[in-house]
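Below: the structure, in structure tokens.
Chains as they are written, first to last, in this note's numbering: chain A, 843 to 1214; chain B, 2 to 91.
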């Protein structure tokens, strides 16, 4: 579809006439002023660049809409740049009649909300603003999601031309293919990495993390794209996933043992790989006496405990152990007293008669339960 | 006891009748006055707005914020209060 000029007055009179004739516009008889031809050009030809604007009044049945198409035509002639020059579809999507949500009628607002899957209540004076905001939010979220649900409905809506619809689907499929390609690239990279002989444990781990991430991402992304993705892609995806999963399982087992040996060099290596070590009672806690003989048994245990408790034992073997804890005992006692006082005050406050809280202390819990 | 306020419990305990808008949880003197100025002088009018928004708490909170400038906690308290009242009596 040839583009018609926004400002036909840049053309000469002869050119205007020839353009009009080429497009089957009937010229007035005789030589007219240039302005006449410009007007004709604007009316007939430039208006053809903006089919959507003219089609909007048919979209809604409100009478308010009727003056606007007349305005749209004249304005469309004067400023067709919006529709004529921008052939991309994104602005066209946003330029549904709700570019400004506040200009929508109540019914149109309702329809737009329904398109986004929202079932609005009645749109009244008090509720209108809220629904406008909601629609604004949905519109912002809509294009980001790829709006797979939106685009088909848009293309199917009344007066969009076939070209618009086709363009929508083209763009839609373009959106699909790019992430598709990205998925495949991501999948192939970890596979390639696997075929190389892994040198260190760390490299393996990194590769596995990537695989885990991609496999985790795929279901999520597949869900988003699920509405339009062809079946073939999912089959490919699932087959690649199974390959990846099988290989990860095999390698994970190998890696596990190595990691364990790194982490626990002092552990006894048993046939099952498990050695249960019973939890040591912490020496010096709860008034248990510390004996040096207890520390001789620690060869089989982790070295952490040894390093922690031997200096303690060496320094002060006979002193009462209250001072060498992480939280000193007196602070614990103090906290306990504070909490009990607090609870007591709470009981007191709930009690209606403040007569003898002490004597009635036994009766307080029962009274409290009744009052609740 | 749950984490609701006394005001909430008082409101939800019985049909609201002609209670003023200030009796709603989260709506104090200031917000109550603002709502009353806009015409929502009784609790049932605010209930009406809640119902018209199809008992959608999110939308109602949004509306409350726009109408009287309630903060997040206040609007949450109010919407929760109305929701419970509806569950009990509607």
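C-beta: ideal position from N, C-alpha, C; glycine also.
With a cut-off of 8 Å on Cβ pairs, the segment 1178-1193 of chain A is not in contact with the segment 38-52 of chain B, counting fewer than three such pairs. Here DSSP, grouped into helix, strand and coil, assigns residue 21 of chain B to strand.
Under the Cβ criterion of 8 Å, residue 968 of chain A is counted among the residues facing chain B. The count of Cβ pairs closer than 8 Å, one atom from the segment 55-75 of chain B and one from the segment 19-34 of chain B, reaches three, so the stretches are in contact.
For residue 972 of chain A, the residues of chain B that pass the 8 Å Cβ criterion are 54, 60, 63, 64 and 67, in the order they occur in the chain. Between residue 75 of chain B and chain A, the shortest Cβ-Cβ separation is not below 8 Å. Residue 84 of chain B and residue 41 of chain B have their C-alpha atoms roughly 18 Å apart. Between residue 60 of chain B and residue 76 of chain B, the C-beta spacing is not below 8 Å. Taking a Cβ-Cβ threshold of 7 Å, none of the residues of chain B is close to residue 959 of chain A; the smallest such distance is about 14 Å. In this structure, residue 963 of chain A and residue 54 of chain B form a Cβ contact; the two beta carbons are roughly 6 Å apart against a cut-off of 8 Å.
Taking 8 Å as the cut-off, the Cβ atoms of residue 856 of chain A and residue 883 of chain A do not count as close. Going by C-alpha positions, residue 63 of chain B is about 12 Å away from residue 970 of chain A. Residue 1170 of chain A is classed as exposed because its beta carbon has fewer than 16 other beta carbons within 10 Å across all chains shown. Under the DSSP definition of a beta bridge, residue 43 of chain B partners with B:21. By the neighbour-count criterion, in which a residue is buried when 16 or more other Cβ atoms sit within 10 angstroms of its Cβ, residue 961 of chain A is exposed. Here the alpha carbons of residue 975 of chain A and residue 21 of chain B stand approximately 29 Å from one another. DSSP places residue 56 of chain B outside both helix and strand once states are collapsed to three, so it counts as coil.
In terms of beta-carbon proximity, residue 50 of chain B lines the interface with chain A, with at least one pair separated by less than 8 Å. When the Cα atoms are used, residue 67 of chain B and residue 972 of chain A turn out to be separated by approximately 9 Å. Sequence-distant partners of residue 80 of chain B (beyond 5 residues in either direction) whose C-beta falls short of 7 Å from its own C-beta, in its chain, are 58, 61 and 62. By the neighbour-count criterion, in which 16 or more other beta carbons inside 10 Å mark a residue as buried, residue 90 of chain B falls on the exposed side. For residue 975 of chain A, the nearest beta carbon of chain B is closer than 8 Å to its own beta carbon. The DSSP-derived three-state label of residue 849 of chain A is coil. A direct Cα-Cα distance of roughly 21 Å separates residue 1174 of chain A from residue 1188 of chain A. At a Cβ-Cβ threshold of 8 Å, residue 943 of chain A and residue 951 of chain A count as neighbours.
In the three-state reduction of the DSSP assignment, residue 866 of chain A falls in the coil class, being assigned neither a helical nor a strand state.
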